[in-house]
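Note sheet for the following structure.
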Ligand SMILES: [Zn+2]
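Residue numbers (my numbering): 12 to 297.
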């Protein structure tokens with residue numbers, strides 16, 4: 012038996028141009044209206060997967076321990092945060108696993124908390140935190156483009172606590188009874204994408220920053236943040252081959268409006284969004 016629940020951790024802002032790469036503002040701004048500073052609003056939507064005895068949290072949002080100056084750039088806002096959303100379902104102590112797709116601050120920030128004396132500690136005390144060797148090394152010794160996204164206080168304390176474990180980098184590797192992982196290298200090195208078998212013939216995929224929103228489905232819509240944009244395009248193609256053939260459900264981490272959707276090929280042979288709706292409605296459909 013597997014149960015999936017949305018964990019909202021609030022919204023933040025990122026430059027619209029950076030989010031859409033080479034796509035002109037006149038096009039992306041139609042569905043993603045920017046503010047006066049060209050910033051668009053994005054969700055940081057995580058997922059709780061209760062898979063047998065394991066209570067697995069996928070990604071953790073931006074957290075709350077960074078400086079005011081840092082937060083002034085990214086303007087986290089909204090009524091929900093990681094802990095409130097998790098404890099709506101279970102206690103923090105009950106989380107057994109935290110699967111972190113990659114260590115960019117908007118995905119791993121909530122994994123480490125900070126006490127009033129400035130000491131860092133893992134937010135979920137009984138959990139094993141999961142990454143892989145390739146990504147850990149990449150984040151620990153970052154290139155100049157990603158250095159501002161890999162903040163050591165977000166992941167080194169996990170290693171120091173002894174709670175960080177490494178997953179073997181092999182497509183299709185089994186993570187839990189109902190979750191297998193695939194690895195993608197266009198956005199960053201060895202980003203992990205969970206495929207969750209819902210047990211009823213359907214699969215829910217958490218593509219993380221391979222497909223951050225339903226507005227990123229078309230091929231050239233690749234974020235300027237990606238370290239290897241041409242690899243992202245190849246990976247989107249092979250990802251679509253899997254998910255369109257099988258009608259997999261996608262969970263959008265950063266989509267401001269839509270929690271889930273599907274990708275279909277239209278009559279012109281273009282990949283387009285389909286069945287955009289809440290996770291709840293998606294699960295009730297069919
Ligand atoms: Zn990222």
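The beta carbon of each residue, even a glycine, is placed where N, CA and C say it ideally should be.
- Taking 7 Å as the cut-off, the C-beta of residue 199 counts as close to a heavy atom of ligand 1.
- If you draw a 10 Å sphere on the C-beta of residue 293, you find 16 or more other C-beta atoms in it, and that means buried.
- Per the C-alpha coordinates, the member of 180, 89, 60 positioned closest to residue 209 is 60.
- In terms of side-chain proximity, the C-beta atom of residue 146 is found no nearer than 7 Å to any non-hydrogen atom of ligand 1.
- Taken atom to atom, the span from the alpha-carbon of residue 200 to that of residue 29 is near 19 Å.
- For a cut-off of 8 Å, the C-beta gap from residue 90 to residue 56 is around 14 Å, too long to register as a contact.
- Residue 19 carries a strand assignment under DSSP once its states are collapsed to helix, strand and coil.
- If you ignore the 5 residues before and after residue 40, its C-beta comes within less than 8 Å of the C-beta of 27, all in its own chain and listed in chain order.
- Of the residues assessed, residue 241 falls on the exposed side of the cut-off, its CB having fewer than 16 other CB atoms within 10 angstroms.
- As the crow flies, the alpha-carbon of residue 152 is around 34 Å from that of residue 16.
- Ranking 282, 127, 69, 285 by CA distance to the CA of residue 191 puts 69 first.
- Short note on residue 115: C-beta closer than 7 Å to some heavy atom of ligand 1.
- Residue 96 is classed as buried because its beta carbon has at least 16 other beta carbons within 10 Å across all chains shown.
- Between ligand 1 and the CB of residue 220, the shortest heavy atom gap is smaller than 7 Å.
- As DSSP reads the structure, residue 53 sits in a beta bridge with 23.
- The alpha-carbon of residue 183 is positioned some 9 Å away from that of residue 205.
- Ligand 1 has a heavy atom closer than 7 Å to the beta-carbon of residue 118.
- Residue 35 has its alpha-carbon roughly 46 Å from the corresponding atom of residue 173.
- In the displayed model, residue 109 falls within a strand according to three-state DSSP.
- Between the region 76–89 and the region 215–231, the count of Cβ pairs shorter than 8 Å is below three; the stretches do not touch.
- Assigned with DSSP and collapsed to three states, residue 209 falls in coil, not helix or strand.
- Assignment of residue 240 by DSSP, reduced to helix, strand and coil, places it in the helix class.
- By the C-beta criterion, the region 103–112 is judged to be in contact with the region 132–145, since at least 3 inter-stretch pairs fall below 8 Å.
- Taking the Cα positions, residue 212 is about 39 Å away from residue 167.
- Inclusion of residue 76 and residue 124 in the CB contact set at 8 Å is warranted, their separation being smaller than that value.
- In this chain, the beta strand (DSSP E) harbouring residue 284 covers 282–288.
- Excluding its 5 nearest sequence neighbours in each direction, residue 146 has C-beta neighbours in its own chain below 8 Å: 113, 114, 199, 200, 201, 202, 203, listed in chain order.
- Between residue 271 and residue 262, the beta carbon gap of about 5 Å places them in contact (Cβ cut-off 8 Å).
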